[in-house]
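Chains as they are written, first to last, in the numbering used here: chain A, 1 to 256; chain B, 1001 to 1370. Below is one structure; the comments refer to it alone.
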Amino acid sequence: MNDLLTIADKTFHSRLFTGTGKFSSNQLMSDALIASESELITVALKRVDVNNEQDKMLKSIMRPHINLLPNTSGVRDAKEAVFAAQLAREALETNWIKLEIHPDPKYLLPDPIETLKAAEELVKLGFVVMPYIHADPVLCKRLEEVGTQCVMPLGAPIGTNKGLKTLDFLEIIIEQSNIPVIVDAGIGSPSHAAFAMELGADAVLVNTAIAVSKNPVAMAKAFKMAVEAGRMAYNAKLASVKQHAEASSPLTSFLS
Amino acid sequence: MNTSFQSIFDTYNWDDTLASINAKTAQDVEFALEKTKRDLEDFKALISLAAKPYLEQMAQQSRLITKKRFGNTIQMYVPMYLSNECQNICTYCGFSMTNKIPRRTLTDAEILKEVSFLKEKGYDHILLVTGEANKTVGVPYIKHAMELIKDQFSNITIEVQPLHQNEYEELIQANLYAVLVYQETYHRAEYKKHHPKGKKSNFDFRLETPDRLGRAGIHKIGLGALFGLEDWRADSFFTALHLKYLQKTYWKTKYSISFPRLRPHSGGLEPKVEMTDRDLVQTICAFRLLDEDVELSMSTRESETFRNHIVHLGVTSLSAESKTNPGGYVIDPQSLEQFEISDERSTEVIAKMLQENGLEPVWKDWENRW
């Protein structure tokens, strides 16, 4: 079945996006990313030595079919985010940007107001903007209106591996969105990823759960399979939990 | 953002859509009934022939969902026809240009007299209706009428010719709350047959009217098909498709669906496809099962018995004591109506009927200063 994901001008076979943080070595990261078969890999601009063409992390990621998604992790407001995005465009030669603005250093929760401001500005500057946000359905529509190419609501606080704690809101976001919905942050196990895909998410982004597992390469492969299974189940249309109507006197007897 | 429904609509084929609805099975219906969130494929199943044996189940669910979202209330509104002048030929409408009837457009004094009657009845939501005659009842006339009465109504809705975005913006500035614009039928070729002359013959301009309204920032848009012109199942599906597109695109706007069935009028067109009472109940319930939040509206076209029961099945707004001729309440009660109404009970009787059924008639549900 031809079920590709398109974002802006790119088409993806894999709906598993991955990150590059928290691995114990660049080699292990590289092996895990290969096992994941992910085609979009996010990298924190703050971790890249933009003046060094031989940057080891970048070198261990880059392969022909890999798309690099620089993120603005570390910035605290819209102004800093726009600056970081411009730096990333110049250094990494991509106009794709994962917009992350979290002024809160403890939980790294995204700032919705600064994110919307930065998104609007970055779209005007020609960026393909992928905003990391709380699972806020109204914010998602506002971002869609300013022209972001997708939304990336969190499932749970970043790095917690707690799964889809924002389930009720993710369901609303998926129902309402005209652009791809990528569940980001909080996904801690392949079953969480499969569940997100069964709900109708267009993709998931996973980093910590792979990077800090005992066997990141095997875990990356498990995530790959879970995302495929979840997507297949979504396309096959899940059977529903049975709902019974309350018994009461017939409402339609007047028609007979 | 400058999308439009037409780009989606054009990817559908009427015959294929109807065939897909007719192919739905009992299993598809049961599947749809078991779900909590339903999509357009489920809607097809619920309006299909295969769903007929499941009508009582649909009604029970529709009632529960409606009570959960809207409580035990029914919004009350009343239409006021401002003019029967019209430059369109519509095969099913009493106002059609070729019909030799006396034409009338209400003056300021006449509008205020009619308003005075309706205010005494308790109405605070009003629907202003005109034919399509741009020179006499164009935007300046509509705007003027709205300004004349705006202090007396919390909520003004119009059902007039499709306008341009800037014209809607102008009327919204003048406190317009909602616009009803029915596609009549989504069957392009049949639409042309029923609208051979006049601006209304432009199918696409009408189809894209809700887009223009959405872009203008209207609070509420009312959709609907005139059941009887074409196959009601396919027309219901396209109405639902339209609704879902609009909800996703103009997400700050509310939506309502109306269910007009072709009624006798001076033009004399007989329905091509009969929609029975049972079919209409099925359609109303299917819309409620598709969407918990959409307002469902029932006019006085339907009979007393039907309206007494339908208020429990998903409908959320009701008109009463309607006159479909300009000046029909006080000025000229005997002039020709646009269509015959079936439920002629007074507002007081309808309100009492609702209360006896455990429902509260709501007269005011908007504040026009917002």
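Idealized CB from N, CA, C, for every residue including glycine.
Inter-stretch contact (C-beta, 8 Å, three-pair minimum) for the segment 1189-1201 of chain B and the segment 1108-1125 of chain B: Of all C-beta pairs linking the segment 1189-1201 of chain B to the segment 1108-1125 of chain B, fewer than three are shorter than 8 Å, placing the two stretches out of contact.
Cβ neighbours of Glu1049(B) in the same chain (closer than 6 Å, five flanking residues each side left out): Per the sequence shown, the amino acid found at residue 1049(B) is Leu instead of Glu. If we look at Leu1049(B) and ignore the five residues flanking it on each side, it has no Cβ neighbours.
Interface partners of Ala1059(B) on chain A, CB under 7 Å: Those within 7 Å of Ala1059(B) in chain A are Leu251 and Thr252.
Contacts that Thr1249(B) makes with chain A (C-beta to C-beta distance below 9 Å): Result: Asn178.
CB contact flag (Ile182(A), Met225(A), <8 Å): Between Ile182(A) and Met225(A), the C-beta gap is not smaller than 8 Å, which leaves the two residues out of contact.
Element boundaries [alpha helix (DSSP H), containing Gly1214(B)]: Its alpha helix (DSSP H) spans residues Thr1209 to Ala1216.
Asp184(A): first and last residue of the uninterrupted beta strand (DSSP E) it sits in: Segment Ile182 to Asp184, the beta strand (DSSP E) holding Asp184(A).
Residues from the segment 1303-1330 of chain B in contact with chain A, defined by Cβ distance under 7 Å: Within the segment 1303-1330 of chain B, the residues whose Cβ lies closer than 7 Å to some Cβ of chain A are Thr1305, His1309, His1312 and Leu1313, listed in chain order.
Residue from Leu1280(B), Lys1220(B) and Thr1324(B) with nearest C-alpha to Trp1366(B): For Trp1366(B), the closest C-alpha among the options Leu1280(B), Lys1220(B) and Thr1324(B) is that of Lys1220(B).
Residue from Ala84(A), Glu53(A), Leu167(A) and Ala78(A) with nearest C-alpha to Ala44(A): With distances taken between CA atoms, Ala44(A) lies nearest to Ala84(A) out of Ala84(A), Glu53(A), Leu167(A) and Ala78(A).
Cβ of Glu175(A) within 8 Å of any chain B Cβ: Among the CB atoms of chain B, one or more fall inside 8 Å of the CB of Glu175(A).
Residues that Arg1278(B) contacts on chain A, provided the C-beta gap is smaller than 7 Å: Going along chain A in sequence order, the residues near Arg1278(B) (Cβ under 7 Å) are Leu255.
Reference Phe1022(B), options Leu1296(B), Arg1233(B), Asp1211(B) and Arg1288(B), closest by Cα: With the sequence shown as reference, residue 1022(B) is identified as Asn, and Phe is not the correct amino acid for it. Closest option to Asn1022(B), judged by alpha-carbon separation, among Leu1296(B), Arg1233(B), Asp1211(B) and Arg1288(B): Arg1233(B).
Whole-angstrom distance between Gly186(A) and Gly159(A), CA atom to CA atom: Between Gly159(A) and Gly186(A), the C-alpha separation is close to 6 Å.
C-alpha distance - Gly126(A) paired with Asn95(A), whole-angstrom precision: Whole-angstrom Cα-Cα distance: 7 Å.
Short Cβ contact (8 Å threshold) for Arg1063(B) with Leu251(A): Against a cut-off of 8 Å, the Cβ pair of Leu251(A) and Arg1063(B) comes out as a contact.
Close Cβ partners of Val50(A) (< 6 Å) along its chain, the five nearest in sequence each way excluded: The answer, listed in chain order, is Ala91.
Minimum Cβ-Cβ distance from Lys141(A) to chain B less than 8 Å: Taking Cβ atoms only, chain B reaches closer than 8 Å to Lys141(A), which makes this a yes.
Val217(A) versus Ser1020(B): straight-line alpha-carbon distance, rounded: Rounded to the nearest angstrom, the two C-alpha atoms are 45 Å apart.
Contact under 8 Å by Cβ, Leu1384(B) with Leu1148(B): Residue coverage of chain B in this structure runs from 1001 to 1370, which leaves residue 1384(B) outside it and unanswerable.
Reference Thr1066(B); option with closest CA among Ser1322(B), Pro1333(B) and His1312(B): Relative to the Cα of Thr1066(B), the nearest Cα in the group Ser1322(B), Pro1333(B) and His1312(B) belongs to His1312(B).
Supposed contact pair Glu1110(B) and Gly1327(B) - C-beta distance, whole angstroms, cut 8 Å: Confirmed, about 6 Å.
Chain-ordered neighbours of Leu1055(B) on chain A, where CB pairs are closer than 7 Å: Per Cβ cutoff of 7 Å: Thr252.
Contact belief for Ile1218(B) with Ile1172(B) at Cβ below 8 Å, rounded distance in angstroms: The beta-carbon distance between Ile1218(B) and Ile1172(B), rounded to whole angstroms, is 6 Å. This is short enough to meet the 8 Å contact definition.
Same chain, Cβ closer than 8 Å to Val123(A), five either side skipped, listed in chain order: Closer than 8 Å at the Cβ level, and outside the excluded window around Val123(A), lie Val129, Val146, Gly147 and Thr148.
Where Arg1063(B) meets chain A, residues with beta-carbon distance less than 7 Å: Within chain A, the residues whose beta carbon sits less than 7 Å from that of Arg1063(B) are Leu251, listed in sequence order.
DSSP three-state assignment for Ser1258(B), whether helix, strand or coil: Under the three-state reduction of DSSP output, Ser1258(B) falls in the strand class.
Given His192(A) as reference, the closest of Ile210(A), Ser177(A), Gln176(A) and Pro103(A) once Cα atoms are compared: Minimum Cα distance to His192(A) is reached at Ile210(A).
According to DSSP, residues forming a beta bridge with Ala44(A): Beta bridge pairing from DSSP links Ala44(A) with Asn71(A).
Exposed unless 16 or more other CB atoms sit within 10 angstroms - verdict on Phe1237(B): Answer is buried; the Cβ neighbour count reaches 16.
For Glu37(A) and Asn67(A), the rounded distance between their alpha carbons: A direct Cα-to-Cα measurement between Asn67(A) and Glu37(A) gives close to 12 Å.
Cβ neighbour criterion (16 or more within 10 Å) applied to Gly1071(B): Exposed.
Amino acids of chain A, ordered along the chain, whose beta-carbon sits closer than 7 Å to that of Val1281(B): Correct list: Thr252 and Leu255.
Chain A contact residues for Lys1037(B), given Cβ-Cβ distances below 8 Å: The contacting residues are Glu171 and Glu175.
Alpha helix (DSSP H) segments (min. 4 residues) lying fully within the segment 191-219 of chain A: If you keep only unbroken alpha helix (DSSP H) runs of at least 4 residues inside the segment 191-219 of chain A, you get 208-211.
Residue range of the alpha helix (DSSP H) that includes Trp1363(B): Neither: Trp1363(B) is in no alpha helix (DSSP H) and is coded neither H nor E.
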